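Chemist: Sequence order for the protein chains is C and R.
First residue of the first sequence: 3, per our numbering; consecutive thereafter.
First residue of the second sequence: 3, per our numbering; consecutive thereafter.
For each residue, glycine too, the CB sits at the ideal point set by N, CA and C.
These figures come from a predicted structure and were not determined experimentally.
There are 2 protein chains.
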Amino acid sequence: MRAQKWKHLIDQRGDHVVIRSIARVALFIVLSFGPGSAVAQNDPLPSWNDGAAKRSITDFVARVTTPGGTAFIPPEQRIATFDNDGTLWCEQPMYFQFAFALDRIKAMAPQHPEWKTTQPFKAILGKDTKALEASGEKGLLQVMAATHAGMTTEQFSKAVTDWIATARHPRFNRPYTELVYQPMLELLAYLRGNGFKTFVVSGGGVEFMRPWMEKVYGIPPEQVVGSSGDVKFGIGADGKPELTKLAKIEFIDDGPGKPAGINRFIGRRPVFAFGNSDGDLQMLQWTTAGAGARFAGIVRHTDADREYAYDRQSKIGKLDKALDEAGARGWTVVDMKKDWKQVFAD
Amino acid sequence: MRAQKWKHLIDQRGDHVVIRSIARVALFIVLSFGPGSAVAQNDPLPSWNDGAAKRSITDFVARVTTPGGTAFIPPEQRIATFDNDGTLWCEQPMYFQFAFALDRIKAMAPQHPEWKTTQPFKAILGKDTKALEASGEKGLLQVMAATHAGMTTEQFSKAVTDWIATARHPRFNRPYTELVYQPMLELLAYLRGNGFKTFVVSGGGVEFMRPWMEKVYGIPPEQVVGSSGDVKFGIGADGKPELTKLAKIEFIDDGPGKPAGINRFIGRRPVFAFGNSDGDLQMLQWTTAGAGARFAGIVRHTDADREYAYDRQSKIGKLDKALDEAGARGWTVVDMKKDWKQVFAD
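1) Taking 9 angstroms as the CB-CB limit, is C:ARG176 close to chain R?
2) Find the nearest neighbour of R:VAL226 within the set R:GLY197, R:PHE84 and R:CYS92, judged by alpha-carbon distance.
3) Would you check if the distance between the CB atom of C:TYR183 and the CB atom of C:LEU104 is smaller than 9 angstroms?
4) Taking 6 angstroms as the limit between beta carbons, can you name the residues of its chain near C:PRO46, skipping five residues before and five after?
5) Is DSSP giving C:TRP117 helix, strand or coil here?
6) Tell me the DSSP secondary structure of C:TRP333 in three-state form.
7) In this structure, what does DSSP give as the bridge partners for R:PHE253?
8) Do you know how far the Cα of R:PHE102 is from the Cα of C:GLY332?
9) Does any residue of chain R have a CB that is nearer than 9 angstroms to the CB of C:SER279?
10) Helix, strand or coil for R:ASP164 per DSSP?
11) Taking only runs that begin and end inside the region 287 to 335 of chain C, name each unbroken alpha helix (DSSP H) of 4 or more residues, in chain order.
12) Given a threshold of 16 other Cβ atoms within 10 Å of its Cβ, counted over all protein chains shown, does C:PHE174 qualify as buried or as exposed?
13) If you draw a straight line from the C-alpha of R:LEU245 to the C-alpha of C:GLY299, how long is it?
14) Under 8 angstroms Cβ-Cβ, which residues of chain R neighbour C:THR155?
15) Going by DSSP, what residues sit across from R:GLU244 in a beta bridge?
16) Specify, as a first and last residue, the run of the alpha helix (DSSP H) that C:VAL63 falls within.
17) C:VAL301 and C:GLY88 - do their beta-carbons sit closer together than 9 angstroms?
18) What does R:GLY277 pair with, by DSSP beta-bridge criteria?
19) Considering only DSSP beta bridges, list what R:VAL203 is partnered with.
20) Nearest CA to the CA of C:LYS340: which residue from C:PRO48, C:ASP52 and C:ASN44?
21) If we call anything under 9 angstroms between Cβ atoms a contact, is R:LYS217 one with R:THR168?
22) If contacts are defined as beta-carbon pairs under 8 angstroms, then C:TRP214 and C:ILE166 qualify, I think. What distance do you get, rounded to the angstrom?
23) How about R:ASP255: is its C-beta nearer than 9 angstroms to some C-beta of chain C?
24) Is the shortest distance between the beta-carbon of C:VAL226 and the beta-carbons of chain R less than 9 angstroms?
25) Is the shortest distance between the beta-carbon of C:GLN284 and the beta-carbons of chain R less than 9 angstroms?
26) Are the C-beta of C:VAL162 and some C-beta of chain R separated by less than 9 angstroms?
27) Check whether the Cβ of C:LYS320 lies closer than 8 angstroms to any heavy atom of the ligand FMN, and answer yes or no.
28) R:PHE98 and R:HIS150: beta carbons closer than 9 angstroms?
29) So the candidates are C:VAL345, C:LEU321, C:ILE251 and C:PRO258; which of them puts its Cα closest to the Cα of C:GLN144?
30) Cα separation between C:ASP326 and C:GLY269?
31) By how many angstroms is the C-alpha of C:ARG65 removed from the C-alpha of R:ASN86?
32) Please list the residues of the region 237 to 251 of chain C that have a C-beta atom closer than 7 angstroms to any C-beta atom in chain R, keeping them in chain order.
33) Interface residues of chain R around C:ALA262 at Cβ under 7 angstroms?
34) Among the candidates R:HIS171, R:ASP256 and R:VAL273, whose CA atom is the shortest distance from the CA of R:GLY281?
35) Mind checking which residues open and close the beta strand (DSSP E) that includes R:THR83?
36) Would you mind working out which of R:PHE74, R:VAL208 and R:ARG266 sits nearest R:LYS247, comparing C-alpha positions?
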């Protein structure tokens, strides 16, 4: 397109109209892409208040992207990993994937009359929170097996896509994908704009996350690392190959599983990592133990008004050991209330 | 840079010198990036002889990258997967990873005096091929455990890097990384130049492949899918976190494992896949069963002079069912002898 425009201008031969047109186009190019351009001067993190947290991010990025600088990191090594629940989107009052599972149980109940009298399904259908909690880990696994296995990967993907388009958060009454943190969306874009490759490394199920993350975070499926169950390859009734999800857990991408997952899926140590709980501690340790400049950040939930306030004693997103280690090692701790102008995306 | 150049031209104000300079630059832009450009006319696959195989590739790429065309595939969906052994590099007279394992046994022998009297190690150290073969799968697993586990991921990566830099193929007396197929290197670059993301999906160990593939294939670690063993996260004697490789096999990325591996690591169905053996059949089935334009290719080893000739009866790289299915479904079968001007990279 640009080449054709130039060709058109040249076809008119040299007169001052052409010169002025060229000057205007050239000025546009200089303004848009030049070194001291308006674009570069814009704040890349407008939802972050000025302060130590924001500065630690922009300082790090400036240092590692300055060619010839002592902290320079070549683009192919600019791997940035982000936890998801509580780091990129809200995780209260329950992990959103579990909300999906509960809704699936309700949707599937007509095909399962036996659930009316069997725990933990009976508790879910009767909204009996106490009985559901009493079913413990065994109940949780039963719920996950019933809702996450026994179907093809494509059927599961469709179930997630349908749910995410319609379900709403009980407190905020908004779609779950609107409860992503605006400052973190800006951070993802800012890093990518500086040559980083951004990955999600989450304890959540990888097939629960992939259907919507590209649209919401700009992170493609192949850059989403998560927990997974076994799948079985076979030829379906229609003669086409298919992958069926089995109830067997294959990999838990949480705690010490995060460095293992990074090793397995990415095969390269991140230079930048963000989490929000003790489940991210080992990922942050693994990231910062590498040679050269490294960044570790923690989102601390301090804002009961705009989101939630929880850390050391929380059942979900417990932040205790990792908070101590952040203090000892000088990792960046983001105080949601203080550091973020805006919490959720518009 | 370009913006500055324009600015410099404009500073001189409008005279015919400027016009001529601009005309030259514009002509350069048109020639370099225009639709019928010299660059586009260059053969992107110079080591491929003209013929049906080459044409099927260039036709496919042209069709799926033509905006507005019925077969157009958006760039983010242009996922291309390649088997490695026998597809991107040679796999005879044994998988190169096994040659690495045998060399490691020899290198580690001084620390293992017991190997002098224990099979299968005794057979390897005494070059007793018969006894080694007699040790069967149990022996193979023992060799892999001894050479691929009980060390950190970084120690293993270093062992691979050292070996690949020094070891030589018994017949060709060249480093193994020179026994990659020049036509396939061209194909990888051609696809990437057309917006494809290229992945390796191999039965080989993922940690054996990653240390050299970026340099040799231009494929970064995070785009290498392979078999893997469990790793264990811990804090090492130096107080730093480390991942230790365990002897437990976690995932075999071969046969039906390839679609499973693609699902797990990439999370998107490829539109283009290349293999060379029955171990790639399910990947090719999975790829071609998707909606829209799809490409499946098979490298057939027909060149005993320049490389090797083997297919239906081969112990390594057996190509039997996949060859039948290629015929039935019209997949591209590359006849190495006929279709490739040159086999190995220079």
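Modeler: Reading from the atomic positions:
1) Working through the first sequence from its first residue, we reach residue 176 of chain C at position 174. C:ARG176 does not count as touching chain R.
2) Position 224 of the second sequence, counted from the first residue, corresponds to residue 226 of chain R. That would be R:PHE84, whose Cα lies nearest to the Cα of R:VAL226.
3) Here residue 183 of chain C refers to the residue found at position 181 when the first sequence is read from its first residue. Here residue 104 of chain C refers to the residue found at position 102 when the first sequence is read from its first residue. Result no, Cβ atoms of C:TYR183 and C:LEU104 do not sit closer than 9 angstroms.
4) Within the first sequence, the letter at position 44 stands for residue 46 of chain C. Taken in chain order, the residues that qualify are TYR192.
5) The residue given as residue 117 of chain C occupies position 115 in the first sequence. Residue state, collapsed to three classes: helix.
6) As a working mapping, residue 333 of chain C is identified with position 331 in the first sequence. The answer is coil: DSSP assigns C:TRP333 none of H, G, I, E or B.
7) Here the question's residue 253 of chain R lines up with position 251 in the second sequence. Bridge partners of R:PHE253: R:SER230.
8) Counting from one through the first sequence, the residue named residue 332 of chain C turns up at place 330. Counting from one through the second sequence, the residue named residue 102 of chain R turns up at place 100. Rounded to whole angstroms, C:GLY332 to R:PHE102 spans 42 angstroms at the Cα level.
9) Counting from 1 along the first sequence, the entry for residue 279 of chain C is found at position 277. So no, C:SER279 is outside the interface.
10) Taking the second sequence and counting its residues from 1, one reaches residue 164 of chain R at position 162. Residue state, collapsed to three classes: helix.
11) 323 to 331
12) Here residue 174 of chain C corresponds to residue number 172 of the first sequence, with the count starting at 1. It counts as exposed.
13) Along the second sequence, one-based indexing puts residue 245 of chain R at 243. Along the first sequence, one-based indexing puts residue 299 of chain C at 297. The straight-line gap from Cα to Cα measures roughly 22 angstroms.
14) Stepping through the first sequence from its first residue, residue 155 of chain C is reached at position 153. Under the 8 angstroms cutoff, chain R gives ASN265.
15) Translated into the one-based positions of the second sequence, residue 244 of chain R becomes position 242. According to DSSP, which records beta bridges pairwise, R:GLU244 is partnered with R:GLY236.
16) As a first step, residue 63 of chain C is located in the first sequence; it is residue number 61 there, counting from the start. Taken as a continuous stretch (DSSP letters only), the alpha helix (DSSP H) holding C:VAL63 covers 54 to 67.
17) On the first sequence, residue 88 of chain C is found 86 positions in, with the first residue counted as 1. On the first sequence, residue 301 of chain C is found 299 positions in, with the first residue counted as 1. Cβ atoms of C:GLY88 and C:VAL301: closer than 9 angstroms.
18) Translated into the one-based positions of the second sequence, residue 277 of chain R becomes position 275. For R:GLY277, which the question treats as bridged, DSSP gives the partners R:ILE300.
19) What you label residue 203 of chain R is simply residue 201 of the second sequence in a count that begins at 1. Its beta-bridge partners are R:VAL227.
20) In the first sequence, counting from the first residue as 1, residue 340 of chain C sits at position 338. The option with the nearest alpha carbon to C:LYS340 is C:ASP52.
21) Counted from its first residue, the second sequence places residue 217 of chain R at position 215. Counted from its first residue, the second sequence places residue 168 of chain R at position 166. No, these two residues do not count as a Cβ contact at 9 angstroms.
22) Here the question's residue 214 of chain C lines up with position 212 in the first sequence. Here the question's residue 166 of chain C lines up with position 164 in the first sequence. Going by Cβ atoms, the distance from C:TRP214 to C:ILE166 rounds to 5 angstroms, so yes, they are a contact pair.
23) Taking the first residue of the second sequence as 1, we reach residue 255 of chain R at position 253. Chain C, which has no Cβ nearer than 9 angstroms to the Cβ of R:ASP255, makes this no.
24) By one-based count along the first sequence, residue 226 of chain C stands at place 224. Output row for C:VAL226: interface = yes.
25) As a position in the first sequence, residue 284 of chain C is number 282, starting the count at 1. With 9 angstroms as the cut-off, C:GLN284 counts as an interface residue toward chain R.
26) By 1-based counting over the first sequence, the position of residue 162 of chain C is 160. No, because no Cβ of chain R sits closer than 9 angstroms to the Cβ of C:VAL162.
27) The ligand FMN is not part of the structure shown, which contains no ligands of any sort.
28) The count along the second sequence starts at 1 and reaches residue 98 of chain R at position 96. The count along the second sequence starts at 1 and reaches residue 150 of chain R at position 148. Taking 9 angstroms as the Cβ cut-off, R:PHE98 and R:HIS150 do not qualify as a contacting pair.
29) The residue labelled residue 144 of chain C in the question sits at position 142 within the first sequence. With distances taken between Cα atoms, C:GLN144 lies closest to C:ILE251.
30) Your numbering for residue 326 of chain C matches position 324 in the first sequence. Your numbering for residue 269 of chain C matches position 267 in the first sequence. Whole-angstrom Cα-Cα distance: 28 angstroms.
31) Mapped onto the second sequence, residue 86 of chain R falls at position 84. Mapped onto the first sequence, residue 65 of chain C falls at position 63. R:ASN86 and C:ARG65: Cα-Cα distance of roughly 38 angstroms.
32) LYS242, PRO243 and LEU245
33) Here residue 262 of chain C refers to the residue found at position 260 of the first sequence. Those are VAL233, PHE235 and LEU245, listed as they occur along chain R.
34) Numbered from 1 along the second sequence, position 279 holds the residue referred to as residue 281 of chain R. The option with the nearest alpha carbon to R:GLY281 is R:ASP256.
35) As a working note, residue 83 of chain R is residue 81 in the second sequence. Here the beta strand (DSSP E) through R:THR83 covers 81 to 84.
36) Taking the second sequence and counting its residues from 1, one reaches residue 247 of chain R at position 245. Of R:PHE74, R:VAL208 and R:ARG266, the residue nearest in Cα terms is R:VAL208.
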